[in-house]
Every structure is written in structure tokens, then in C-alpha cells.
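Numbering (UniProt numbering), first residue to last: 1 to 568.
The beta-carbon is built from N, C-alpha and C at its ideal position, and this holds for glycine as well.
Everything numeric in this text was worked out from a predicted model, so none of it was measured.
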């Protein structure tokens, strides 16, 4: 065995992070560029999603793999923030490299001191700049803040017009004033995220404007029986079957082989099968059941019996749809047609109609508003299959980011309690049981504020190495607004000078109405981003920042890369 070792230092780590960042920075912000990726088989994808781009490249370098694993872990939780994460890391490594800081263990030591003594104060100050909204009180205010969170995720992916369309589209899907009031907004949102694929129907080759929200639930199958005895607009009762209609059980291992030696035996067997189906149909009629959803195929003779008795049927229903209906309606599917139909088997719906989506028939079962966890179904349309897939990914990212706006997801409840106790609006408010949404201005506002705070706070630190670490971190955080300014600016001349002048202006005076919390707008100007309708989840920003600090500590503790190969 041959052993090879390569020393790891700040310079080698910086070289790797710079390559990774260069792949993503052109796509940062609302004016960011998209990446066209193609495979050897001819599949083409156009995307601006950072994690998708990085994962498609299959990095082999060990440091790059460590970075990518950390990014994937973070983005899988937050739904967004890949480019921000990578920018934090690379900019700090560049600052270390420029300062000739080669003592990695000293960086680790300062990082520990920072997290113990400086970070809690930083979080307290950021929380004071956040905005808390009660989604259960004012619909207009709730709509404004929810859409602003969606815009922050969407604006780097689509044009301003499409961002408005998709933010309204998503808002109508997640916010339903008529929904069951006993179900918390955040619980219903999390249920939609957990079962997102079940509530999405893709329509490739259709324009974006065809996206719409429909009442749940949509079965991607057509009626198996004719509708001559079924009025789709009336309230209905239905049952679900995971077994075959003519069989007791359909699972593997319960198959029964019957040898029929004569026509008479065959007629007796079919009569017996027919009798079983007729008994099941009789049970359905006695319980006013007019629709049967079957996971298995329903034979033709059974369909004739259903049809003659005014019972509609849909077979080959996906097991995922059956499970979803069981969870939403708190009912149980029938596992044996020999059993009697009881109350916990009978489901109710307001109506059941046929929908034609992109030329394909579906069945829409409109549930009652009293159904638990009843989010709406998203019809997602895009010109191509690839764009449709990317849009679905982006929409799910929006929902994940919104779910992390829940104050209960905040990392430090002690800081949150202290903030609420000294705020008049929330002083005596039970924030743990109400749908409160905590956000902060977007467009780099978080980074600008934290950079300014660390620069000022460093003046109070006596320890020289920790003081220098805070200044380095302050400088690196400005990389996010700097990239946004570079990508968004209309005039591409003297960008560095223009950015420095705008940052200096913030130190001279406060902009009207910004309360010191400003960011970079779509045209590269300094604006109060809450007035621009762009907000971010504070929990997401802090989670990404924490993830960056943890990854930095991991990288600083790597001494060597060791490779082992077989001798020839």
C-alpha cells in the first residue's frame, strides 16, 4: 500500500471554496443568471438553485466534499440559503488568507470565544430588529408578510412578474381562513411540506400562468364505472379498499390457486364471487356509500354490479393517496371485503367531480372544511418538464422557509422570552400557542446589520485576537450585500467605489423609515427592504450563520489529507 499525504492550510482551503463560490455568485440576487446543465444522455436543466448545481458536479476533492455535505445538511433543513452559506465561508477564508492568518488553531480558539461571549449579544440585537406578526389577527398584514418571505426565495429564480404570480399562488395554498380553526396554521403548513408530492400535480408543456390552487384531494385516475347513476355535485359518502373487491386479501402470500375441472365448477365459482361482491355492495347501500376507491383492480363483473346499483368506482388508486386520505380524514381503509362497513370506514365529501388537466382526466374529491390538516392541491405548470421540476423544488423551498418563520423554531427561547417580556405588544401574550411569524428584512439586511454591530462591538473587546476575529467576520459578512450590489446594479462601472460610498453613507445618517436595517434592492440601491416587500426568516439566517461557523471550525481542524492506493 502506498500512502500519500498533503498538508491542509488556509490557502488550500481558500482555493477550494473560491472555486465553489465562483460557480454560484453570478446567480445571486434577483438579477442573477441561471445555469444550463446537460448530461451525456441529453437531459437539460436550467436552474438557479445552488444545491442542485453543486450536487450535479460530483466533487472528488475531500475538502469540497466536506463543504458540500455541510451545505446539503443545512439546505435540507432550511430549504434555501446555499449561495449565502458558500459566500460566508469563502469570503472569510479570503479575509484570513489576505491577513496571512495561518494559525488555524488560533482561529478555532477565537471561534469558541466568539460563540460564548459575542454571539448571544449579536442574536439579541438582531431579534430586536426583527418583525413579529400574528397570522391569526389581520389577514392583510399576514398576506403581506407571507408573500414577502416567498418573494425573497423566488426573486433569484424568476422575473418580478412571475414572482408576484407565484407568491400569490402559494399564499392561496397555505392561508385558508375557512379551514378548520382547531388546526394550527403551522401544523397545517408542516403537513403540506411533509406530504408535498401528494399535493402537487405537474403540468409540463403548459405556460406558467396555468398554475392554480384547487380544493383537495385530486386522484390522478378517472372513474372506472360510468357516471349515469352518480351526481358529482352532491354530497357523498365513500370508502377506500386496500384489498381486492372479490378477494379477502390481496397481499403477497395470500394468493389462492383454484383448479376448475368443469364448466359447472366455473359457474359455481363465479356465482360465489358475485355473491361476495353483491354482499359488499349491499353493505355500501345500507351505509349510503356511493363511491368506492380501490387500490387493486376491480373486475368487470364487479363493475357491472356497482354500476347497476348506482355506486361509482375508481380502481388502481395509489397507495400513497389512500394513506393520505386516511391521515386527513382520520378514517381507515377496508382491508377485507367480508367485514362489515363501520363508521370509521365511511368517509364524507362535499362533492366529487371529474377534472381534465392537460388533456388527462382526474377525479377531484372535495373534502369538508372540518377535515383535519386539509391543505389545498397545487397545480404546477411550466413550459418544459425540467422547468416544472425546478419550479416544484423552488415552491417547496418557499414553504420550508415560511415554516421556519414560526417563533417556536427559534434557536434560543430564553432570548425570545426576554424580547417578548420587554415589548409592549407581546408582553402578556402566549406566543407558544399562537401562529406568530418572525422575520427580518431581506436583501442582505441581516449581513449589513451584523457587520456593523461586530465592527462597533469589537471596540469593547480587550482580547486582541478575539477583537481581530470579530473584525474579520464583520468584513466577510459584507460579501453578501457586495455581490447583490454587483449583480443588481444597473450601471456596471466603478462598482467597488459605489458600494463603499453607499456603505459609508449608512454610517453618516439613517435612511428614513429603515430603523437602521437596510438592504440591496433589485436595482442595486440601498433601501428598507420591508418597504420593498422582501423579508427573510430570522431562524433561517441564524441557522445558516451557525452552520457556517461549525463548518469553519471543522475545516480549521483538518491538518492533512491522506490518500492510500495499492502498489502496482
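Query raised in the report: Hey, is residue 393's beta-carbon within less than 9 Å of any beta-carbon in chain B?
Result: Absent here is chain B; the protein component of the structure consists of one chain.
Query raised in the report: On the three-pair Cβ rule with 8 Å, is the region 418-425 touching the region 479-489?
Result: no
Query - CB contact flag (residue 87, residue 39, <9 Å) - result: The residue given as residue 87 occupies position 87 in the chain shown. The residue given as residue 39 occupies position 39 in the chain shown. Not in contact: residue 87 and residue 39 (Cβ atoms no closer than 9 Å).
Query raised in the report: Which value, in whole angstroms, describes the spacing of the CA atoms of residue 36 and residue 156?
Result: Position 36 of the chain shown, counted from the first residue, corresponds to residue 36. Position 156 of the chain shown, counted from the first residue, corresponds to residue 156. The alpha-carbon atoms of residue 36 and residue 156 are separated by roughly 15 Å.
Query - Counterpart residues of residue 450 in DSSP-defined beta bridges - result: The residue given as residue 450 occupies position 450 in the chain shown. Paired residue(s): none; residue 450 is not in a bridge.
Report task. Consult DSSP for residue 437 and reduce its assignment to one of helix, strand or coil. Result -> On the chain shown, residue 437 is found 437 positions in, with the first residue counted as 1. Three-state result, residue 437: strand.
**Report entry** Where residue 79 falls, given that 16 or more other Cβ within 10 Å makes a residue buried
**Finding:** In the chain shown, counting from the first residue as 1, residue 79 sits at position 79. Its Cβ being crowded by 16 or more others within 10 Å, residue 79 is buried.
Query raised in the report: Touching or not, the region 398-410 and the region 209-219, by the rule of three or more beta carbon pairs under 8 Å?
Result: no
Query raised in the report: Ordered along the chain, which non-local residues of its own chain (more than five positions away) have a Cβ less than 6 Å from that of residue 541?
Result: Position 541 of the chain shown, counting from 1, holds the residue named residue 541. Closer than 6 Å at the Cβ level, and outside the excluded window around residue 541, lie 446.
Query raised in the report: Going by the CB atoms, is the gap between residue 384 and residue 554 shorter than 9 Å?
Result: Locating residue 554 in the chain shown gives position 554, counting from the first residue. Locating residue 384 in the chain shown gives position 384, counting from the first residue. No, the Cβ-Cβ distance between residue 554 and residue 384 is not below 9 Å.
Requested in this report: Using 10 angstroms around the beta-carbon of residue 527, count the other beta-carbons present and answer buried if the total reaches 16, otherwise exposed.
Outcome: Numbered from 1 along the chain shown, position 527 holds the residue referred to as residue 527. Residue 527 is buried by the Cβ-count criterion.
**Report entry** Cβ shell of residue 118 (< 7 Å), same chain only, five flanking positions each side left out
**Finding:** For the purposes of this step, residue 118 is identified with residue 118 of the chain shown, where counting begins at 1. Excluding positions up to five away in sequence, the list reads 457, 470.
Query raised in the report: Does the Cβ-Cβ distance between residue 455 and residue 434 come in under 9 Å?
Result: Residue mapping note: residue 455 aligns to position 455 of the chain shown, counting from 1. Residue mapping note: residue 434 aligns to position 434 of the chain shown, counting from 1. Not closer than 9 Å, so no.
Requested in this report: Please name the residue, chosen from 82, 7, 44, that lies closest to residue 22 on a Cα-to-Cα basis.
Outcome: For this step, residue 22 is matched to residue 22 along the chain shown. The shortest Cα separation from residue 22 among 82, 7, 44 belongs to 82.
Requested in this report: Select from 16, 140, 27, 138 the residue whose C-alpha is nearest the C-alpha of residue 92.
Outcome: In the chain shown, the residue the question calls residue 92 occupies position 92. If we check each option's Cα against that of residue 92, 16 comes out closest.
Requested in this report: Just confirm the distance between the C-beta atoms of residue 47 and residue 390, as a whole number of angstroms; I'd bet it's less than 8 Å.
Outcome: Locating residue 47 in the chain shown gives position 47, where the first residue counts as 1. Locating residue 390 in the chain shown gives position 390, where the first residue counts as 1. Confirmed, about 5 Å.
Requested in this report: Counting only the same chain and skipping the five closest in sequence on each side, list residues whose C-beta sits under 7 Å from that of residue 207.
Outcome: Locating residue 207 in the chain shown gives position 207, where the first residue counts as 1. Counting only Cβ-Cβ distances below 7 Å, and skipping sequence neighbours, we find 381, 383.
Query raised in the report: Short check: CB of residue 129 to CB of residue 441, under 9 Å?
Result: Residue 129 sits at position 129 when you count from the first residue of the chain shown. Residue 441 sits at position 441 when you count from the first residue of the chain shown. In this structure, residue 441 lies closer than 9 Å to residue 129 by Cβ.
Report task. State yes or no: is the C-beta of residue 170 within less than 9 Å of the C-beta of residue 191? Result -> Reading the chain shown from its first residue, position 170 is the one you call residue 170. Reading the chain shown from its first residue, position 191 is the one you call residue 191. No.
Query raised in the report: Do the CB positions of residue 396 and residue 166 come within less than 9 Å of each other?
Result: The sequence position of residue 396 within the chain shown is 396, counting from 1. The sequence position of residue 166 within the chain shown is 166, counting from 1. Contact: no.
Query raised in the report: Between residue 160 and residue 188, what straight-line distance do the alpha-carbon atoms span, to the nearest angstrom?
Result: Along the chain shown, one-based indexing puts residue 160 at 160. Along the chain shown, one-based indexing puts residue 188 at 188. Using only the alpha carbons, I get a separation of about 28 Å.
Query - Bridge-paired residues (DSSP) for residue 352 - result: The residue given as residue 352 occupies position 352 in the chain shown. Paired residues: 365.
Query raised in the report: With burial defined as no fewer than 16 other Cβ atoms inside 10 Å of the residue's Cβ, what is the status of residue 211: buried or exposed?
Result: As a first step, residue 211 must be located in the chain shown, where it is residue number 211. Buried, since its Cβ has 16 or more Cβ neighbours within 10 Å.
Report task. Look at the alpha carbon of residue 429 and the alpha carbon of residue 423, and state the distance between them as a whole number of angstroms. Result -> Counted from its first residue, the chain shown places residue 429 at position 429. Counted from its first residue, the chain shown places residue 423 at position 423. Each residue's alpha carbon lies about 10 Å from the other.
Query raised in the report: Between 32, 52, 59, 89, which lies nearest to residue 556 when the distance is taken from Cα to Cα?
Result: Numbered from its first residue, the chain shown carries residue 556 at position 556. If we check each option's Cα against that of residue 556, 89 comes out closest.
Query raised in the report: What residues are listed by DSSP as bridge partners for residue 212?
Result: Within the chain shown, numbered from 1, the residue matching residue 212 stands at position 212. Beta-bridge pairing links residue 212 to 379.
**Report entry** residue 394 vs residue 49 beta-carbon contact at 9 Å
**Finding:** Taking the chain shown and counting its residues from 1, one reaches residue 394 at position 394. Taking the chain shown and counting its residues from 1, one reaches residue 49 at position 49. Going by C-beta atoms, residue 394 is nearer than 9 Å to residue 49.
Query - Reduced DSSP secondary structure (H/G/I, E/B, other) of residue 182 - result: On the chain shown, position 182 is the one that residue 182 refers to. Caution is warranted here: a pLDDT of 49 is assigned to residue 182, below 50, making its placement in the model unreliable, and no coordinate value can be reported.
Query raised in the report: Which value, in whole angstroms, describes the spacing of the CA atoms of residue 11 and residue 108?
Result: On the chain shown, residue 11 is found 11 positions in, with the first residue counted as 1. On the chain shown, residue 108 is found 108 positions in, with the first residue counted as 1. Their Cα atoms are separated by approximately 16 Å.
Query - DSSP three-state assignment for residue 529, whether helix, strand or coil - result: If you number the chain shown from 1, residue 529 lands on position 529. It is coil, neither helix nor strand.
Query raised in the report: Who are the Cβ neighbours of residue 64 in its own chain at under 7 Å, not counting the five residues just before and after it?
Result: Along the chain shown, one-based indexing puts residue 64 at 64. Cβ neighbours of residue 64 beyond the five flanking positions: 16, 20.
Query raised in the report: Which two residues bound the contiguous alpha helix (DSSP H) that contains residue 243?
Result: Counting from 1 along the chain shown, the entry for residue 243 is found at position 243. No alpha helix (DSSP H) holds residue 243; DSSP gives it neither H nor E.
Query - Per-residue burial, residue 293 [other beta carbons within 10 Å of its own, 16 or more giving buried] - result: Working through the chain shown from its first residue, we reach residue 293 at position 293. When all chains shown are included, residue 293 counts as buried.
Report task. Could you say if the region 137-151 and the region 339-351 meet the contact criterion of at least three C-beta pairs nearer than 8 Å? Result -> no
Query raised in the report: What alpha helix (DSSP H) runs, 4 residues minimum, are completely inside the region 26-61?
Result: Qualifying alpha helix (DSSP H) stretches, in chain order: 50-56.
Query raised in the report: At what residues does the alpha helix (DSSP H) containing residue 107 begin and finish?
Result: Taking the chain shown and counting its residues from 1, the one referred to as residue 107 is at position 107. Here the alpha helix (DSSP H) through residue 107 covers 104-113.
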